[in-house]
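Below is one structure, written out as structure tokens; the observations come after it.
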Amino acid sequence: MGQQRYGASVLQLDWQPPGNGDPGLAWDLARATHDRSADDKSLGSAIDRANAEAVARVLRAEPTWVDVALAAREIWPAMGRTLLHAGPPISWAEMCGPMRGAVIGAILYENWAATAAEAKELASSGGIRFAPCHEWGAVGPMCGIISPSMPLVVVADRAHDTRAFAPFMEAGGARTLRFGAFGDDVSSGLKWIERVLAPTLKTAVTAMDGGLALKPIIAQALHMSDDVHNRNTAATLMLLRYVAESLLRPGMQKDAVADTLGTLRSDDMFFLSFSMAACKATMDAAHGVPFSSMVTAMARNGVNVGIRVSGLANEWFSGPADVPVGLYLPGFSEEQANPDIGDSAITETSGLGAFAMAAAPAMVQFVGGTPQDALRYSREMARITITRNPGFTLPALDFVGSPVGIDIRKVIDESMRPVINTAIAHKEPGMGIIGAGLVQAPMQCFTKALQALVAKHAAFE
Amino acid sequence: MPIKALVKANIYKDSVALMRTAQLVVARTGVRRATLLMGTSGNKNLLVQAGLLDPAIKNAQPNDIMIVIEDDSDDAAEAAISQVHALIEGEEPRRAGSATADAPPRSIAAGVALAPNANLAQISVPGPYAGAEALKALHQGLNVFLFSDNVPLEQERVIKDLARRKDLLVMGPDCGTAIIRGVPLGFANVVRRGAVGLVGASGTGLQEVSCRIHQLGGGISHAIGTGSRDISEAIGGSTMSQALQLLATDPDTKIIAIVSKPPAASVQRSIGREAQSIGKPVVVCFLGAPGGGAAGTSSIHLASTLYDTAAKAVALERGNAVVTSAAAPPTEAITDERFPGHEQRFVRGLFSGGTFCYEAQIIWRQHGIKTFSNAPLDAGCRLSEGGASREHCAIDLGSDEFTIGRPHPMIDPSLRIERLLQEARDPSVAVILLDVVLGYGSHEDPAGILAPAIGEAKSVAARDGRHLPIVCFVCGTEEDPQVLSSQESALRREGVLLAPSSTAAAELAMGIVHQAATAAPRTARSPASSKSSG
Numbered sequence: 001m002g003q004q005r006y007g008a009s010v011l012q013l014d015w016q017p018p019g020n021g022d023p024g025l026a027w028d029l030a031r032a033t034h035d036r037s038a039d040d041k042s043l044g045s046a047i048d049r050a051n052a053e054a055v056a057r058v059l060r061a062e063p064t065w066v067d068v069a070l071a072a073r074e075i076w077p078a079m080g081r082t083l084l085h086a087g088p089p090i091s092w093a094e095m096c097g098p099m100r101g102a103v104i105g106a107i108l109y110e111n112w113a114a115t116a117a118e119a120k121e122l123a124s125s126g127g128i129r130f131a132p133c134h135e136w137g138a139v140g141p142m143c144g145i146i147s148p149s150m151p152l153v154v155v156a157d158r159a160h161d162t163r164a165f166a167p168f169m170e171a172g173g174a175r176t177l178r179f180g181a182f183g184d185d186v187s188s189g190l191k192w193i194e195r196v197l198a199p200t201l202k203t204a205v206t207a208m209d210g211g212l213a214l215k216p217i218i219a220q221a222l223h224m225s226d227d228v229h230n231r232n233t234a235a236t237l238m239l240l241r242y243v244a245e246s247l248l249r250p251g252m253q254k255d256a257v258a259d260t261l262g263t264l265r266s267d268d269m270f271f272l273s274f275s276m277a278a279c280k281a282t283m284d285a286a287h288g289v290p291f292s293s294m295v296t297a298m299a300r301n302g303v304n305v306g307i308r309v310s311g312l313a314n315e316w317f318s319g320p321a322d323v324p325v326g327l328y329l330p331g332f333s334e335e336q337a338n339p340d341i342g343d344s345a346i347t348e349t350s351g352l353g354a355f356a357m358a359a360a361p362a363m364v365q366f367v368g369g370t371p372q373d374a375l376r377y378s379r380e381m382a383r384i385t386i387t388r389n390p391g392f393t394l395p396a397l398d399f400v401g402s403p404v405g406i407d408i409r410k411v412i413d414e415s416m417r418p419v420i421n422t423a424i425a426h427k428e429p430g431m432g433i434i435g436a437g438l439v440q441a442p443m444q445c446f447t448k449a450l451q452a453l454v455a456k457h458a459a460f461e
Numbered sequence: 001m002p003i004k005a006l007v008k009a010n011i012y013k014d015s016v017a018l019m020r021t022a023q024l025v026v027a028r029t030g031v032r033r034a035t036l037l038m039g040t041s042g043n044k045n046l047l048v049q050a051g052l053l054d055p056a057i058k059n060a061q062p063n064d065i066m067i068v069i070e071d072d073s074d075d076a077a078e079a080a081i082s083q084v085h086a087l088i089e090g091e092e093p094r095r096a097g098s099a100t101a102d103a104p105p106r107s108i109a110a111g112v113a114l115a116p117n118a119n120l121a122q123i124s125v126p127g128p129y130a131g132a133e134a135l136k137a138l139h140q141g142l143n144v145f146l147f148s149d150n151v152p153l154e155q156e157r158v159i160k161d162l163a164r165r166k167d168l169l170v171m172g173p174d175c176g177t178a179i180i181r182g183v184p185l186g187f188a189n190v191v192r193r194g195a196v197g198l199v200g201a202s203g204t205g206l207q208e209v210s211c212r213i214h215q216l217g218g219g220i221s222h223a224i225g226t227g228s229r230d231i232s233e234a235i236g237g238s239t240m241s242q243a244l245q246l247l248a249t250d251p252d253t254k255i256i257a258i259v260s261k262p263p264a265a266s267v268q269r270s271i272g273r274e275a276q277s278i279g280k281p282v283v284v285c286f287l288g289a290p291g292g293g294a295a296g297t298s299s300i301h302l303a304s305t306l307y308d309t310a311a312k313a314v315a316l317e318r319g320n321a322v323v324t325s326a327a328a329p330p331t332e333a334i335t336d337e338r339f340p341g342h343e344q345r346f347v348r349g350l351f352s353g354g355t356f357c358y359e360a361q362i363i364w365r366q367h368g369i370k371t372f373s374n375a376p377l378d379a380g381c382r383l384s385e386g387g388a389s390r391e392h393c394a395i396d397l398g399s400d401e402f403t404i405g406r407p408h409p410m411i412d413p414s415l416r417i418e419r420l421l422q423e424a425r426d427p428s429v430a431v432i433l434l435d436v437v438l439g440y441g442s443h444e445d446p447a448g449i450l451a452p453a454i455g456e457a458k459s460v461a462a463r464d465g466r467h468l469p470i471v472c473f474v475c476g477t478e479e480d481p482q483v484l485s486s487q488e489s490a491l492r493r494e495g496v497l498l499a500p501s502s503t504a505a506a507e508l509a510m511g512i513v514h515q516a517a518t519a520a521p522r523t524a525r526s527p528a529s530s531k532s533s534g
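Line order of the protein sequences matches chains A and B. Throughout the first sequence, residue numbering follows this note's numbering, covering 1 to 461 in sequence. Throughout the second sequence, residue numbering follows this note's numbering, covering 1 to 534 in sequence.
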């Protein structure tokens, strides 16, 4: 418009209607927006202050591997016939193929039924209580099924006294419960964890004075090209370094140690359980700050993606899950892909995974990207986060901190959905992993949450 | 040497990163020495040997950063410590070198992050979203120029209440024009800077007054638009009152001029009171309000037309006596206009500027003329649906009914050209009046587009045996991108009668109507007979 000629400098915005294009939502967003002068009367200021507290808890967190629970029922004695699952709440009838497969697999593993048909009958007749892992302080990868006999990694946040739990990564490739496989081989894999891996690692962690601080491991792994979501190679190696010494102490069973070390050697993703539990303990510490618009959980059940928001109690805000975009193993394509599934997006929620993609340029190969794209993801995610985590730095971006603390207001205002690194499951039960790539959380989660937050504080101007 | 020691807890950095941070801190602050180490026992031993293990850091944990600064000056040490914190928090990465471009900034917040010194947001998004964007801009501490219309009234109220509380200005919604410190916003002309501060609820009104002030040798400090609804009962003249306060305290502004349609009665009273208490001369033009709508006092000067407003403001700016009612400026003499006996009786004003349409009706009313319009002074003079002309007409082609789904006639003249040719075919038309608006935002060559159509309109009438005078005025300046003189010559070449202002143009058209009415002999001749040849 010629304004530059008269001494004004002009920045043109690439404006688009915020969120889903609903003018009512746009107005809600404007009412809740950040206020630069920290105006006390503005709802945005109350939210800003709450977010500062919530994200400070994230930065202060000291997730530490403190224990291995040899069975989930040790932690929840009244668990009964409960199966925890990934993502927001879902009934048997609504579950996707892989999750049903995993439910059947867990029922067989627990000996609650003798055959797959009986297991299905039990699940569909209301004989099983289902609950999201997230609501029990736990997180599970992919289908995320946790049954009472399963051993769990226990991570405590030393700064806030929260504890979080995650199942161990099963060896066995595609034939694993987390991808919806069931049968004798799957059950015996789980039994091996129960019998060998869990007790061995429990001994190892118990021998470490005060447990193993996970934040330094994660920080270093980021400098070794992990995102600690879809690439855990360096972090697993570091874990091996710490446990090896404990495992070689007198009194350890040589065979069990060898098997455990073998698993750590062969599974690049072994650390994911630790990474997820560390993130969950961290984000639970940041949950429940009144007014906060920070996302504390982002989880997928294979049908819907749900988020939880610090200032909105235990309510889930969900939208339909997308099919990830990525690379498929030979013989598979998007046709066979199940929509996005798993609790592992807790890593993105706490500023790792795709948010730290600049640290893990290898990850963009899944979507045919270049290392420059990896840097871009980390830069762009900074637009929807509250701050950066000085504890997790990104070498390729001049050691700037990884963006952390998704603010639902910014997601809508920037029309920019959080990016998630993910594995891709076959939509049929038991077919396992068929690829890996990127997916974005649906906008609906964030628009619904914002409307709830504004409605909750309607008294503000 | 005195040392300052502290712990930054629970942040892991490797030794390379810490050494680099220490180096940068020394380089940037000139502090004597900075030592940064993780709180391991090995590192503590190093500090013991160097005599630097201050009690403040001796309990540091392996995941804590120990920070030791050595300098004689307390200030230097403090500066170094804040630099350490800043570097540990991390600086934004440099933007250069990326092969794939980041998405451009979408939100006002992202824009402000890139341009932290911005102080004004110009918003022209669709109305249903515009209020929200204005609210966000205010929360970012920005003044707002809100071009969009169709913003819900309730939102306008909320926005303006917040603006008032934050001492920020919201120009609009539906604000067409402003000039802030010489920077044009929306539709605005390039005018001299000077001592007259303008406030107006009308875009083209502000444009015209600012152009005439320029033409008369005066200048503008700021021109502040309020939006059309600001002076309604519901909004209470919120922006107008804030604008008056701003101009009252602005050192560059010596004279203030207000131009708008008559405000709601209560608003008119409160604006009148404020204007009186300002302590600077104020020219008030509430177009068409009885008695000018305010009491003239020693500091309040009432003006009845846009030109009158400009003339009085310039007289005041120069310290001259203000004439009681500035006459319309001289127009080109109406020479040799022949009306060869047709029933050519009516004026047809085809306006792109709403205020011009309004002002013309007021001037014509003073001449005892009843004007029909799509934006009439009295509801009884409303043109029927479809807007077909009857008798004397003033049509605002910029109103909603003509602009839904198409650009404003200041940008796209095609609708007005159609209407011009239609009026030219009407044997009862004595004169057609057109405004031509220049400046930023307007068509790049409006006269160039209009001139051939004017020629065509005149020959349509001529083929019919009629002489059809066409009166134009150009709202613009020589400094506008379209250049006033070249626009005027393009019109003059087509035989247009040029008036030097909107006010003069309305008067000139009236003169022609009178001339036509007295033209003799008037014989009834069917236009159909001459049309048959065409």
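Just so it is clear, CB atoms sit at the ideal spot from N, CA and C, and this is done for glycine as well. Computed from a prediction, not measured in an experiment: that's the story for all the values here.
Worksheet item: By DSSP, does residue 122 of chain B sit in helix, in strand, or in coil?
Response: The answer is strand: DSSP assigns residue 122 of chain B an E or B state.
Worksheet item: By Cβ distance, which residues of its chain are closer than 6 Å to residue 423 of chain A, with the 5 residues on each side in sequence left out?
Response: Taken in chain order, the residues that qualify are 433 and 436.
Item to complete: Consult DSSP for residue 96 of chain A and reduce its assignment to one of helix, strand or coil.
Response: Three-state DSSP puts residue 96 of chain A in coil, outside helix and strand.
Worksheet item: Can you name the start and end residues of the beta strand (DSSP E) that residue 136 of chain A belongs to?
Response: That residue, residue 136 of chain A, is in no beta strand (DSSP E); it is neither H nor E in DSSP.
Worksheet entry | Where residue 414 of chain A meets chain B, residues with beta-carbon distance less than 7 Å | Residue 414 of chain A reaches chain B at 106, 107 and 110, counting residues in chain order whose Cβ is nearer than 7 Å.
Practice prompt. Evaluate contact between the stretch 437-448 of chain A and the stretch 96-107 of chain A, counting only Cβ atoms and requiring at least three cross-stretch pairs below 8 Å.
Written response: The answer is no - the stretch 96-107 of chain A does not touch the stretch 437-448 of chain A, with fewer than three Cβ pairs under 8 Å.
Worksheet entry | Residues in the stretch 59-82 of chain A having any Cβ partner in chain B nearer than 9 Å | Near chain B, meaning a CB-to-CB distance below 9 Å, the residues of the stretch 59-82 of chain A are 59, 60, 61 and 62.
Worksheet item: Can you tell me the Cα-Cα spacing of residue 80 of chain B and residue 334 of chain A, whole angstroms?
Response: Between the C-alpha atoms of residue 80 of chain B and residue 334 of chain A there is a straight-line separation of about 54 Å.
Discussion item. Are the CB atoms of residue 206 of chain A and residue 256 of chain A within a distance shorter than 8 Å?
Written reply: In this structure, residue 206 of chain A does not lie closer than 8 Å to residue 256 of chain A by Cβ.
Worksheet item: Is the Cβ of residue 37 of chain A closer than 8 Å to any Cβ of chain B?
Response: True, the Cβ-Cβ gap to chain B drops below 8 Å.
Worksheet item: If you check the beta carbons only, do residue 159 of chain A and residue 61 of chain A fall under 8 Å apart?
Response: In this structure, residue 159 of chain A sits near residue 61 of chain A, with a CB-CB distance shorter than 8 Å.
Worksheet item: Taking the alpha carbon of residue 462 of chain A as the point to measure from, which residue in A:69, A:162 and A:185 has its own alpha carbon closest?
Response: Residue 462 of chain A falls outside the range modelled here, since chain A spans only 1 to 461, and no answer is possible.
Item to complete: Under the assumption that residue 25 of chain A contacts residue 451 of chain A (Cβ atoms under 8 Å), give the Cβ distance between them as a whole number of angstroms.
Response: Beta-carbon to beta-carbon, residue 25 of chain A and residue 451 of chain A are separated by about 7 Å, close enough to satisfy the 8 Å threshold.
Discussion item. Is it buried or exposed, residue 96 of chain B, if we count other Cβ atoms within 10 angstroms and call 16 or more buried?
Written reply: Residue placement at residue 96 of chain B is flagged as unreliable, the pLDDT there being 42, under the threshold of 50; the coordinate-derived value follows with that caveat. Around the beta carbon of residue 96 of chain B, fewer than 16 other beta carbons lie within 10 angstroms, which makes this residue exposed.
Worksheet item: Excluding five sequence neighbours on each side, which residues of the same chain lie with their C-beta closer than 6 Å to the C-beta of residue 388 of chain B?
Response: Here residue 388 of chain B has no same chain residue with a Cβ atom under 6 Å from its own Cβ, once five neighbours each way along the sequence are excluded.
Worksheet item: Does the beta carbon of residue 380 of chain A come closer than 8 Å to any beta carbon on chain B?
Response: Chain B contact via Cβ: present.
Fill in: Beta-carbon proximity check, residue 200 of chain B vs residue 159 of chain B, cutoff 8 Å
Judged by beta-carbon spacing, residue 159 of chain B lies beyond the 8 Å limit of residue 200 of chain B, meaning their Cβ atoms are not closer than that value.
Fill in: Same chain, Cβ closer than 6 Å to residue 150 of chain A, five either side skipped, listed in chain order
Around residue 150 of chain A: 72 and 167.
Practice prompt. Ignore the nearest five residues each way along the sequence and tell me which others in residue 271 of chain A's own chain have a CB closer than 6 Å to its CB.
Written response: Here the set comprises 232, 235, 236 and 239.
Item to complete: Ignore the nearest five residues each way along the sequence and tell me which others in residue 411 of chain A's own chain have a CB closer than 6 Å to its CB.
Response: Only 384 and 446 meet the Cβ criterion.
Practice prompt. Give the residues of chain A in contact with residue 11 of chain B, contact being defined as C-beta atoms less than 7 Å apart.
Written response: Below the 7 Å Cβ cutoff, chain A contributes 390 and 391 as neighbours of residue 11 of chain B, in chain order.
Item to complete: Look at the alpha carbon of residue 561 of chain B and the alpha carbon of residue 514 of chain B, and state the distance between them as a whole number of angstroms.
Response: As shown, chain B starts at 1 and ends at 534. That puts residue 561 of chain B outside it, with no answer to give.
Worksheet item: Is it right to say residue 94 of chain B is buried, meaning 16 or more other beta carbons lie within 10 angstroms of its own, or is it exposed?
Response: Note that residue 94 of chain B has pLDDT 47, beneath the 50 cutoff, so the model's placement of it is unreliable and the number below is only indicative. It is exposed - the Cβ of residue 94 of chain B has fewer than 16 other Cβ atoms within 10 Å.
Discussion item. Taking the beta carbon of residue 1 of chain B as the centre, do at least 16 other beta carbons fall within 10 Å, making it buried, or is it exposed?
Written reply: It counts as exposed.
Worksheet item: Taking three-plus beta-carbon pairs below 8 Å as touching, is the stretch 484-496 of chain B in contact with the stretch 449-459 of chain B?
Response: Taking one beta carbon from each stretch, the stretch 484-496 of chain B and the stretch 449-459 of chain B have 3 or more pairs nearer than 8 Å; the two touch.
Worksheet item: Does the separation of the CB atoms of residue 25 of chain B and residue 47 of chain B fall below 8 Å?
Response: No, Cβ-Cβ distance for residue 25 of chain B and residue 47 of chain B is not below 8 Å.
Practice prompt. For residue 273 of chain A, count neighbouring Cβ atoms within 10 angstroms of its own Cβ and tell me buried if that reaches 16, exposed if not.
Written response: The residue in question, residue 273 of chain A, is buried, as its Cβ has 16 or more Cβ neighbours within 10 Å.
Worksheet item: Along chain B, which residues have their Cβ under 8 Å away from the Cβ of residue 42 of chain A?
Response: 139, listed in chain order.
Worksheet item: Is there at least one Cβ from chain A nearer than 8 Å to residue 478 of chain B's Cβ?
Response: No - not a single Cβ of chain A is within 8 Å of the one on residue 478 of chain B.
Discussion item. Comparing C-alpha positions only, which one of B:443, B:425, B:402 and B:393 sits nearest to residue 433 of chain B?
Written reply: Here the closest residue by C-alpha is B:393.
Worksheet item: Does DSSP put residue 66 of chain B in a helix, a strand or coil?
Response: Correct three-state label for residue 66 of chain B: strand.
Discussion item. If the criterion is Cβ atoms closer than 8 Å, does the pair residue 82 of chain A and residue 36 of chain A meet it?
Written reply: Residue 82 of chain A is not a Cβ neighbour of residue 36 of chain A, given a cutoff of 8 Å.
Discussion item. With a threshold of 8 Å, are at least 3 pairs of Cβ atoms found where one atom belongs to the stretch 362-377 of chain A and the other to the stretch 336-351 of chain A?
Written reply: In short, these stretches do not touch, since the Cβ pair count stays below three.
Worksheet item: Any idea if residue 99 of chain B is buried or exposed, counting beta-carbon neighbours within 10 angstroms, 16 or more meaning buried?
Response: Unreliable positioning characterises residue 99 of chain B in this predicted model, as indicated by a pLDDT of 45, which lies under 50. The coordinate reading is nonetheless provided below. Per the 10 Å Cβ criterion, exposed.
Worksheet item: With distances taken between CB atoms, is the gap from residue 439 of chain A to residue 340 of chain A smaller than 8 Å?
Response: Yes, they are a contact pair.
Item to complete: Can you tell me the Cβ-Cβ gap for residue 179 of chain B and residue 146 of chain B, rounded? I've got them flagged as a contact below 8 Å.
Response: Not really, about 16 Å apart at Cβ, beyond 8 Å.
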